[in-house]
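The structure appears right after this line, and notes come after that.
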Amino acid sequence: MVDALHKPDWNPRADEVLGNQIQAYDTMRAECPVAWSDYQHWTLFRHGNVMQVLEDHQTFSSAASSHLSVPNGMDPPEHTPYRQVIEPYFSQQAMSEFEPTCRSIARNLVNNLPDGRPFDVVEEFSRDFALQIQCAFMGWPDALHEPLREWVLKNHQATLARDREALADVAHEFDGYIHDLLETRRRAGANALRDVTTSLMEETVNGRTMTDEELTSLLRNWTVGELGTISSSVSILVSYLAEHPDLRQSLANDSVALPEAIDEILRMDAPLMSNRRVTTRDVEIGGRKVPAGEKITILWASANRDERVFGDPDAFCPHKNRDHNLLYGAGVHVCPGAPLARMELRVLMEEFLAAVETLEPAPDQRPERAVFPTGGFSFLPMVIGKSQEGSLNVR
14 MVDALHKPDW NPRADEVLGN QIQAYDTMRA ECPVAWSDYQ HWTLFRHGNV MQVLEDHQTF
74 SSAASSHLSV PNGMDPPEHT PYRQVIEPYF SQQAMSEFEP TCRSIARNLV NNLPDGRPFD
134 VVEEFSRDFA LQIQCAFMGW PDALHEPLRE WVLKNHQATL ARDREALADV AHEFDGYIHD
194 LLETRRRAGA NALRDVTTSL MEETVNGRTM TDEELTSLLR NWTVGELGTI SSSVSILVSY
254 LAEHPDLRQS LANDSVALPE AIDEILRMDA PLMSNRRVTT RDVEIGGRKV PAGEKITILW
314 ASANRDERVF GDPDAFCPHK NRDHNLLYGA GVHVCPGAPL ARMELRVLME EFLAAVETLE
374 PAPDQRPERA VFPTGGFSFL PMVIGKSQEG SLNVR
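Heads up: the sequence shown is residues 14 to 408, going by the numbering used here.
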């Protein structure tokens, strides 16, 4: 029997929701901004309610999983030393040092895109970029590209189905990859590659090196976040620029405007759909009384389109909206990898815009949107025409 508190307000997995998630979330934001469902529990649709959660980590805890989650699933003060370990890896100097590698990967991928024939942006561009860039940044071998590609798909399917057994198997598979990477470095000793993974193995938290369990959790969270959101972001950006050729031309001529434009496009169409919290005490949010111990879904894909903050959610206003854009979150859990993601997307789009003269949807093929918990597209057929100079120009 369903108690009155947990009577469903909506069904996030209904066909009409999955058929057009953005429209469904826009409707819910207006009609039922704090909603209960069996699938997402308490979902927050409005920017103000989401900010209430992000600014009060004592009431809305990130420890929403029963498994170790470093540092995503931790609260201060436990969270703080792990966060301090991670942040230097995304410093301005670290980004400057990695940018040439990022540009080389981006340029090579763009140059290899087919000219004048349909191709799937997701399968032949965005996923490849996410895999190659993540492995390059971490110092992982190219041989991991295909296993990780399959792993990401299996992880998404298990998450979508809420299949605990499948999720455990997928986690175990990833743990095996990480174990091999750590053991390779340990066997090499002083001769181990000097890369991000080796450096993380040497970091100390509370006066000790991290355990393999902590390292594996950290690397899994890092990898899932990077591979999923970067791939989704690329598909969203390419789709939007195909629909707005004047903006595409403007950005091709003015790369200074590109970073804010990217953030704004991804505000309107979220690459990362949601995150979770759990209440530590009884609390009122958006007029609803939520007891202690309840799961909360922060729906970025709705909060970042809130008319109360942004006006018309589909109006492209990068400068006006940037200070309220929650693309990378806010509060103590604001995404530490934001500088890396921003640099990667900027460099890739610079190379893409320099090389591509025409960008149009493929005829007689319909794109397919990804469904929660993934943003962006699962299939995005496009046709490009390359410019004479291409991205071979040296910047």
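The beta carbon of each residue, even a glycine, is placed where N, CA and C say it ideally should be.
Please report how far the alpha carbon of L81 lies from the alpha carbon of V134, in whole angstroms.
Computed Cα separation, rounded: 35 Å.
Inter-residue Cα distance where the pair is F365 and E320:
32 Å
Measure the C-alpha to C-alpha separation of D202 and G220 and round it to an integer number of angstroms.
Here residue 202 is Gly; the residue named in the question, Asp, does not match the sequence. Looking at the two C-alpha atoms, the distance is approximately 21 Å.
Could you tell me the alpha carbon to alpha carbon distance between L339 and Y95, rounded to whole angstroms?
23 Å
Contact between the segment 373-393 and the segment 126-146: three or more CB pairs below 8 Å?
yes
Checking 8 Å against the spacing of the C-beta atoms, do P349 and E100 come in under that value?
yes
Within this structure, are the beta carbons of I146 and I243 separated by less than 8 Å?
yes
Local conformation of H54 per DSSP, three classes
H54 sits in a strand when the DSSP states are folded into three classes.
Of the residues V237, R289 and H70, the one placed nearest E163, counting alpha carbons only:
Nearest C-alpha to E163: V237.
Indicate the three-state DSSP secondary structure (helix, strand or coil) for S74 in the structure shown.
strand
Rank L18, A37 and S78 by C-alpha distance to the C-alpha of R290 and give the top, closest one.
S78
At which residue ranges does the segment 258-325 contain complete alpha helix (DSSP H) runs of 4 or more residues, listed in the order of the chain?
258-266, 271-281, 313-316 and 320-323
Tell me which residue opens and which closes the alpha helix (DSSP H) that M356 is part of.
Note, M356: alpha helix (DSSP H), A351 to A368.
With distances taken from CA atoms, which of S109, R200, C330 and D182 is nearest E357?
S109
Buried or exposed, going by whether 16 or more other CB atoms sit within 10 Å of the CB of L372?
buried
With burial defined as no fewer than 16 other Cβ atoms inside 10 Å of the residue's Cβ, what is the status of P115: buried or exposed?
The amino acid at residue 115 is misidentified as Pro; the sequence shows Cys. Per the 10 Å Cβ criterion, buried.
Quick check: D295 and A283, are their CB atoms within less than 8 Å of each other?
The Cβ atoms of D295 and A283 do not sit closer than 8 Å to each other.
Hey, how far is the Cα of R177 from the Cα of D51?
So the two alpha carbons sit approximately 16 Å from each other.
Coarse secondary structure for F385, derived from DSSP in three states
Note: F385 maps to coil in three-state DSSP.
N24 - DSSP class collapsed to helix/strand/coil
coil
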